[in-house]
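Scroll down for the structure; my scribbles are underneath it.
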Amino acid sequence: MKKTYIVIAILLLLASFVGVTNADNLKSFFLQDKVLETDPYAKEKPSVSVKNSERVGDITINNTSEISDDGGLIFTIKDKDNNLIGEFTYKAWTEKNPIFNTLSNGDVVLGSNMIYKNKEKKIENLCPTLDNGLLDFAVSKNKLAFIGTKSNTGSTVFICIQDINTGEMQTVDTFKYPDLTYPANVYVSWDQDQNLYYDFYENGKPAIKVYNDDSKEASLAFSNAMNPQGSPNGEYLVFESTDGLNISEQSYSYLTLFNNNTKTKEGKLSGSRRIFWTNEYVITKNTGEDKLEVFDLKNKGKKVQDITSEDLAFEVKYENGKFKIKSYQFKENKFFLKNSEY
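In this note's numbering, the protein residues as written are 44 to 385.
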């Protein structure tokens, strides 16, 4: 059956992804993007009108004008002589990690599951160990953390840590979700002391555990919590406080700001779990009102500003007293890159 494409449907899926997770509505939902096999309204595949190129070491990362089958943007990787090495797809507006991430050894993580190996000059799977599904990863100074599943292991979820320099991989924890209850989003996140926070399931409730890489021990960090997301400097953590994986099981749900320096919960945040970090602020996406909500990290998460944002934001920076936002905008069946300043 011939595949057809429609961006409206893609955008509706994306809106559903973040909209139903709005903490104001005390709801949490887990949705994976789907390939649209048929659509009676689709007549033309959308395209991308973005001329964006990033030089990273010996390679160049470029946007193409194509949309992948799952609605993601397609990026090409070329060497210093402009020879094509490979390509990858990514939906930067739904992922918590950036489009690329340069590691301490010169390798470059591409999107959510690929890596450019600087020494070998080729692209490989980011974590072949988790061959049934790499659900999330996190980068520290010299470590990579992964969470995902393996073939022929049932519903077991694995948490692994890899040494960036040696490539040595170790499994530090495993767990299982109950039958027919499997979140599409599980996260891992480092703090400033190389402690790893990760999603877990314990006694019928979501939980977050922490693994100390020095002692090689894991312990419970937060009960009734899920989806830990750390600030780039590792000093703060935002997670969802909730008592159930499914909406029908939940009596509450909201975002919590945690200070890793003082080990204290500092406040409740509104918005969805789609968040951005600067040194001074944490910003959440409120899809119900098409806005970004800004919270002051130095003032225990006090809300300081709303920014109207109808587009698909994927990067927020704070420079010289201004918020600089990069977004993908869709109009006339094309994606455009939009730069805004507030």
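For every residue, glycine included, the Cβ atom is placed at its ideal position computed from N, Cα and C.
Predicted model, so just to flag it, every value in this text is computed and none were measured.
Exercise for the section: With DSSP as the reference, label residue 209 as helix, strand or coil. Expected result: By 1-based counting over the sequence shown, the position of residue 209 is 166. Correct three-state label for residue 209: coil.
Exercise for the section: Could you spell out where the beta strand (DSSP E) holding residue 362 opens and where it closes? Expected result: Translated into positions along the sequence shown, residue 362 becomes position 319. Element bounds for residue 362: 355-362.
Handout entry: Backbone secondary structure at residue 251 - three-state DSSP
Key = Here residue 251 corresponds to residue number 208 of the sequence shown, with the count starting at 1. Strand.
Exercise for the section: Count the C-beta pairs between the segment 347-358 and the segment 134-153 that are closer than 8 Å, then say yes if the count reaches three, no if not. Expected result: yes
Exercise for the section: With residue 261 as the anchor, note down where its beta strand (DSSP E) starts and where it stops. Expected result: The count along the sequence shown starts at 1 and reaches residue 261 at position 218. Start and end: 260-266.
Exercise for the section: Take every Cβ of the segment 92-100, pair it with every Cβ of the segment 368-382, and state whether three or more of those distances are shorter than 8 Å. Expected result: yes
Exercise for the section: Could you work out which residue in 308, 295, 294, 266 is closest to residue 279 when comparing CA atoms only? Expected result: Along the sequence shown, one-based indexing puts residue 279 at 236. Nearest option by C-alpha distance: 308.
Problem - Cα-Cα separation between residue 172 and residue 383, rounded to whole angstroms - result: For the purposes of this step, residue 172 is taken as residue 129 along the sequence shown, with counting starting at 1. For the purposes of this step, residue 383 is taken as residue 340 along the sequence shown, with counting starting at 1. For residue 172 and residue 383, the distance between alpha carbons rounds to 40 Å.
Problem - Nearest residue (CA-CA) to residue 238, options 340, 334, 306 - result: Here residue 238 is taken as the residue at index 195 of the sequence shown, counted from 1. Ranking the options by Cα distance to residue 238, first place goes to 306.
Handout entry: Cβ-based burial, residue 229 [other Cβ within 10 Å; buried from 16]
Key = Stepping through the sequence shown from its first residue, residue 229 is reached at position 186. The residue is buried, with at least 16 neighbouring Cβ atoms inside 10 Å.
Handout entry: Residue nearest to residue 146 in terms of C-alpha spacing, selected from 174, 185, 258
Key = Counted from its first residue, the sequence shown places residue 146 at position 103. It is 185.
Problem - Burial state of residue 288 (16 or more Cβ within 10 Å) - result: Taking the first residue of the sequence shown as position 1, residue 288 is located at position 245. Counting Cβ neighbours within 10 Å, residue 288 comes out buried, since at least 16 surround it.
Practice task
Identify which residue in 102, 294, 121, 319 has its Cα closest to the Cα of residue 340.
Solution key: The residue given as residue 340 occupies position 297 in the sequence shown. Cα-wise, what sits closest to residue 340 is 319.
Exercise for the section: Look at the Cβ atom of residue 148, then the Cβ atom of residue 208, and state whether they are nearer than 7 Å. Expected result: One-based indexing of the sequence shown puts residue 148 at position 105. One-based indexing of the sequence shown puts residue 208 at position 165. Yes. Within cutoff.
Problem - Beta-carbon gap between residue 177 and residue 156 smaller than 7 Å - result: Here residue 177 refers to the residue found at position 134 of the sequence shown. Here residue 156 refers to the residue found at position 113 of the sequence shown. In contact: residue 177 and residue 156 (Cβ atoms closer than 7 Å).
Practice task
Return the bridge partner residues of residue 296 from the DSSP annotation.
Solution key: In the sequence shown, residue 296 corresponds to position 253, counting from 1. DSSP, once it has assigned bridges, lists 285 as partnering residue 296.
Practice task
Specify, as a first and last residue, the run of the beta strand (DSSP E) that residue 245 falls within.
Solution key: Numbered from its first residue, the sequence shown carries residue 245 at position 202. First-last of the beta strand (DSSP E) with residue 245: 238-245.
Exercise for the section: Would you kindly work out how many angstroms separate the C-alpha atoms of residue 198 and residue 219, rounded to a whole number? Expected result: Here the question's residue 198 lines up with position 155 in the sequence shown. Here the question's residue 219 lines up with position 176 in the sequence shown. Distance between the alpha carbons of residue 198 and residue 219: 6 Å.
Practice task
Return no unless some Cβ of chain B is closer than 7 Å to the Cβ of residue 158.
Solution key: Of the chains in the structure shown, none is chain B; there is only one protein chain.
Handout entry: Rounded C-alpha distance that separates residue 221 from residue 248
Key = Walking along the sequence shown from the start, residue 221 turns up at place 178. Walking along the sequence shown from the start, residue 248 turns up at place 205. Taking the straight line from one Cα to the other gives about 10 Å.
Exercise for the section: Using three-state DSSP, classify residue 352 as helix, strand or coil. Expected result: Position 309 of the sequence shown, counted from the start, is the residue given in the question as residue 352. Residue 352: coil per DSSP, three-state reduction.
Exercise for the section: List the residues that DSSP assigns as beta-bridge partners of residue 377. Expected result: Position 334 of the sequence shown, counting from 1, holds the residue named residue 377. Bridge partners of residue 377: 90, 374.
Handout entry: Closest by C-alpha distance to residue 108, when choosing among 101, 117, 102
Key = For the purposes of this step, residue 108 is taken as the residue at position 65 of the sequence shown. Nearest of 101, 117, 102 to residue 108, Cα basis: 117.
Exercise for the section: Could you pull out every residue in the same chain whose Cβ sits closer than 6 Å to the Cβ of residue 326, ignoring the five residues on either side in sequence? Expected result: Translated into the one-based positions of the sequence shown, residue 326 becomes position 283. The answer, listed in chain order, is 319, 335, 337, 359.
Handout entry: Length of the line joining the Cα atoms of residue 175 and residue 347
Key = If you number the sequence shown from 1, residue 175 lands on position 132. If you number the sequence shown from 1, residue 347 lands on position 304. About 42 Å.
Practice task
Whole angstroms is fine: what's the gap from residue 333's alpha carbon to residue 368's?
Solution key: Residue mapping note: residue 333 aligns to position 290 of the sequence shown, counting from 1. Residue mapping note: residue 368 aligns to position 325 of the sequence shown, counting from 1. Taking the straight line joining both Cα atoms gives about 14 Å.
Practice task
Identify whether residue 342 lies in helix, strand or coil by the three-state DSSP scheme.
Solution key: Counted from its first residue, the sequence shown places residue 342 at position 299. Helix, per DSSP.
Handout entry: Proximity below 7 Å, CB of residue 303 to CB of residue 234
Key = Here residue 303 refers to the residue found at position 260 of the sequence shown. Here residue 234 refers to the residue found at position 191 of the sequence shown. Yes, these two residues count as a Cβ contact at 7 Å.
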